[in-house]
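Enquirer: Counting from 49, one number per residue, gives the positions in the sequence shown under this note's numbering.
Okay, handing you the structure first.
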Amino acid sequence: MEVNQYLEMFIEESKEHLQACSEHLLELEKNPDDLAIVGEIFRSAHTLKGMSATMGFEDLADLTHKMENVLDAIRNEKIHVTPEILDVVFESVDHLEEMVMDIANGGDGKRDVSSTVAQLKRIELGEEVIPEVVTTVAAPVVESVLEYDSFEQTVITQSAEQGFNAFEISVTLREDCLLKAARVFMVFEILEKDGDVIKSSPSVEKLEDEQFDQQFYVAFVTKTTAEDMQKKLMKVSEVDEVIVTTIDQRKFSEKVFEAHQEVAATATAVAEVAAIPTNTPAAKAEPVAKPAEATPSKADKNHAPVGNKTIRVNIERLDILMNLFEELVIDRGRLQSISTEVNHGELNETVERMSRVMGDLQTIILTMRMVPVETVFNRFPKMIRQLSRDLNKKINLEIIGAETELDRTVIDEIGDPLVHLIRNSVDHGIENPTARRAKGKPEEGTVVLRAYHSGNYVFIEIEDDGAGINREKVLAKAISKGIVTQEQSYSMSDKQINELILASGFSTADVISDVSGRGVGLDVVKTTIESLGGNISIESTQDVGSIFSIQLPLTLSIISVMLVEIEKEIYAIPLSSIIETSIIRSSEIMNAHNQKVIDFRGKVVPLVFLEEIFEVPRQEHQDEEFHSVVIVRKGEKLAGLVVDSFIGQQEIVLKSLGNYLTNIFAISGATILGNGKVALIVDCNALIK
């Protein structure tokens, strides 16, 4: 258990040091003569080397040591910083990140980094860097057989015992493939329908970021034959070759034995280090330099040590704490209901006091789960740097509001959509320097990544000063694809036309030629954001630029709702979707295109009768003169949800419907009310077309 605790701490601290290295390297690239920044990078690398050696990860320690030698030579002014040298150091940090991620996933952290080590040695000796090695962006071609850790080997072995086939699949894309990430997504979509992906090389994150040449490998278990899998994958556009081979499990036993030996050795090393008193010379063999030894830089302010003011808490413990508090929220509702019925003075006073204390406790617990969006944003400067070099564009990334906090659950999901949106802005929004000069723009394009709070929401905006969206071509494509009709197009606003690129009907190839690549995969981005209870909107002016704005809830677990009643059933409508409630006469309801609508403040709003949607049985049918309507919004679209009566506002705990009740139309979850009844939570986004 102690080894696992040390390992978890090692992984977290390694990630922090590597992130600090990346940030300082970007700063060093702008200020190549600032040796204080080099000192910061050196200290992070030195600490990482000592930690890695202590934990027994020799490959990690060795590569860090080689990088440390180069940094030491720069620090002592034996070597002058050049873009070519920084490329090699960046590449070293990338390898180190992959090693740490491999360790976090149960691997041994081993990786073929011989070419990078050779380059570091050349730099240390003052020799010229070989350009071919430095400018290679994609991951090197891996061997035909992937390396599997003990957990992956167990999964493959047990799958074989249950009659599954275990394959290693090599997929090669065409040399002229324009959207490699999209092809990877299509390949994985086919695989996930027929079985389970055990491992990929490069990692899924690198595949999504297109950090590979034309080839990638996947370990896969399925009951489908190798021949059928090969035929299915070859049907993906721009796939040049698919080779499916059976995984040889005979050598697993030897590898498992070696892995157990390595774990035992690591445990012994950690135990020995833990037993060393802090005042002995051995404990001081690898001292960590103090920040005061170097001139304070900008990085010092952002990453100042916090001493004993913070502690590390496992995320699972926070989740357990949140679940326990959610149960308290349910019991609070029950007590409030009983207190109202009994109407006892002291009981009412006690319940009110308990509610106030629980409100404070709720604020503290939710705050503990909040994480700065910086944890997502910090991956983008390095990504922009690489993209600008690959595309021969000059791009400046500005990050504003990185300290803005979001619930950890939202943070975990929002990273990939942001990567996709930023890549679109860089690839297809920002023009090349020649085109920008012709338009009278500066050669360097700007992408602004901005985050800020507004009410109970966090807004994240990606703004660029690129080509913008050509509305005429977007509209023409939408009509040709049947997304909108010619008649509908006449009444559409510019904003509605812009947001057509979020529709799933856009063809990738057509969008590349007609709309500068906007819209590629944006339907997936939209779906992910809406699944988090948020929405995305687009503002764009042709040849001026675009703004993609994402609205996200601060937290997903405890929400405010309006409780409504239909017959004897109670439903909860999230307040975040509600504009207002209204009582209307039956005579105010009109028919338009076989749809019942009302005139709401000058707008035609369609009515949705929830009793019909959820098939609520009526004891007796009666024509009501008045109807209770909840006006809800999804972006700029409105709808009126018709219910029997309003119960009132309440804070509720959002609970999943479980594995057996998935994809229930217009229902996003459930909650337990104070009286013990279950209320279903209405998904307003699904009801607004």
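Note that beta-carbon positions come from the ideal geometry of N, C-alpha and C, so glycine has one too.
To the nearest angstrom, how far is the alpha carbon of Ile584 from that of Ile470?
Expert: Near 14 Å, if we compare the C-alpha coordinates of Ile470 and Ile584.
Enquirer: Contact check, Val284 vs Arg231 under 8 Å by CB: the rounded distance?
Expert: Confirmed, Cβ separation roughly 6 Å.
Enquirer: When DSSP labels each residue in this structure, what does Tyr54 get in the three-state scheme?
Expert: Tyr54: helix per DSSP, three-state reduction.
Enquirer: Return the Cβ separation of Met115 and Phe58 in integer angstroms, given the expectation that the two are a contact with Cβ distance under 8 Å.
Expert: Going by Cβ atoms, the distance from Met115 to Phe58 rounds to 18 Å, so no, they are not a contact pair.
Enquirer: Asn639 by DSSP, collapsed to three states: which one?
Expert: Strand, per DSSP.
Enquirer: Phe425 and Ile447: beta carbons closer than 8 Å?
Expert: Yes, the Cβ-Cβ distance between Phe425 and Ile447 is below 8 Å.
Enquirer: Restricting to Cα atoms, I'd like to know which of Lys241, Ile295 and Lys271 is closest to Tyr265.
Expert: Out of Lys241, Ile295 and Lys271, Ile295 has the C-alpha closest to the C-alpha of Tyr265.
Enquirer: Just checking, does the region 142-150 make contact with the region 56-72 on the three C-beta pairs under 8 Å criterion?
Expert: The answer is yes - the region 56-72 touches the region 142-150, with three or more Cβ pairs under 8 Å.
Enquirer: How about Glu479 and Gly514: do their beta carbons lie closer than 8 Å?
Expert: Taking 8 Å as the Cβ cut-off, Glu479 and Gly514 qualify as a contacting pair.
Enquirer: Considering only the beta carbon of each residue, do Thr719 and Val701 sit closer than 8 Å?
Expert: Against a cut-off of 8 Å, the Cβ pair of Val701 and Thr719 comes out as a contact.
Enquirer: Assign Lys543 to one of two classes, buried (16 or more other C-beta atoms within 10 Å of its C-beta) or exposed (fewer than that).
Expert: With fewer than 16 Cβ atoms within 10 Å of its Cβ, Lys543 is classed as exposed.
Enquirer: For a cutoff of 8 Å on Cβ pairs, would you count Asn117 as touching chain C?
Expert: Note that chain C does not occur in the displayed structure, where there is just one protein chain.
Enquirer: According to the neighbour-count rule (16 or more other Cβ atoms, all chains shown, within 10 Å of its Cβ), is Tyr196 buried or exposed?
Expert: Buried.
Enquirer: What do you get for Cys732, buried or exposed, if any count of 16 or more other CB atoms within 10 angstroms of its CB means buried?
Expert: Under this definition Cys732 is a buried residue.
Enquirer: Relative to the C-alpha of Glu453, which candidate in Leu414, Glu286 and Val532 has its C-alpha closest?
Expert: Measuring from the Cα of Glu453, the nearest candidate turns out to be Leu414.
Enquirer: To which residues of the same chain is Gln67 closer than 7 Å at the C-beta, ignoring the five residues directly before and after it?
Expert: Correct list, in chain order: Asn426.
Enquirer: State the CB to CB distance for the pair Val690 and Val680, rounded to an integer number of angstroms; the pair is presumed to be in contact (CB under 8 Å).
Expert: Not confirmed; about 11 Å, so no contact.
Enquirer: Can you check DSSP and say which residues form a bridge with Leu111?
Expert: BP columns for Leu111 are empty, so no partner.
Enquirer: Could you have a look at Ser387 and say whether DSSP puts it in helix, strand or coil?
Expert: Correct three-state label for Ser387: helix.
Enquirer: Assign Asn642 to one of two classes, buried (16 or more other C-beta atoms within 10 Å of its C-beta) or exposed (fewer than that).
Expert: It is exposed - the Cβ of Asn642 has fewer than 16 other Cβ atoms within 10 Å.
Enquirer: Please report how far the alpha carbon of Gln259 lies from the alpha carbon of Leu134, in whole angstroms.
Expert: Approximately 18 Å, taken between the alpha carbons.
Enquirer: With a threshold of 6 Å on Cβ separation, who are the neighbours of Phe662 within its own chain once the five nearest residues in sequence on each side are excluded?
Expert: Nothing listed; no residue qualifies.
Enquirer: Whose CA, out of Arg633, Ser704, Leu655 and Leu435, lies closest to the CA of Phe674?
Expert: Nearest option by C-alpha distance: Arg633.
Enquirer: Report the rounded CA-to-CA distance for Arg91 versus Ser70, giving the unit in angstroms.
Expert: Arg91 and Ser70: Cα-Cα distance of roughly 13 Å.
Enquirer: Can you tell me whether Thr457 is helix, strand or coil according to DSSP?
Expert: Helix.
Enquirer: Nearest to Asp110 by CA position, among Pro622, Gly449, Leu435 and Gly157, is which residue?
Expert: Checking every option, the nearest Cα to that of Asp110 belongs to Gly157.
Enquirer: Starting from Phe694, follow the beta strand (DSSP E) in both directions and report where the run begins and ends.
Expert: Phe694 -> beta strand (DSSP E) spans Ser693 to Val701.
Enquirer: Could you check where the beta strand (DSSP E) with Met540 kicks off and where it finishes?
Expert: Here Met540 belongs to no beta strand (DSSP E), and DSSP marks it neither H nor E.
Enquirer: Is Pro481 helix, strand or coil by DSSP?
Expert: Helix at Pro481.
Enquirer: Gly154 and Phe105 - do their beta-carbons sit closer together than 8 Å?
Expert: No, they are not a contact pair.
Enquirer: Would you mind stating whether Glu256 and Asp464 have Cβ atoms separated by less than 8 Å?
Expert: Result yes, Cβ atoms of Glu256 and Asp464 sit closer than 8 Å.
Enquirer: To which residues of the same chain is Val726 closer than 8 Å at the C-beta, ignoring the five residues directly before and after it?
Expert: Answer for Val726: Ala718, Thr719 and Ile720, listed in chain order.
Enquirer: Thr411: buried (16+ other C-beta within 10 angstroms of its C-beta) or exposed?
Expert: So Thr411 ends up on the exposed side.
Enquirer: Around the Cβ of Gly696, are there at least 16 other Cβ atoms within 10 angstroms (buried) or fewer (exposed)?
Expert: Exposed, since its Cβ has fewer than 16 Cβ neighbours within 10 Å.
Enquirer: Report yes if the C-beta distance between Ile386 and Glu511 is below 8 Å; otherwise report no.
Expert: No.
Enquirer: Would you say the beta carbon of Asn733 is closer than 7 Å to some non-hydrogen atom of the ligand ADP?
Expert: Looking for the ligand ADP in the displayed structure turns up nothing, as the structure carries no ligands at all.
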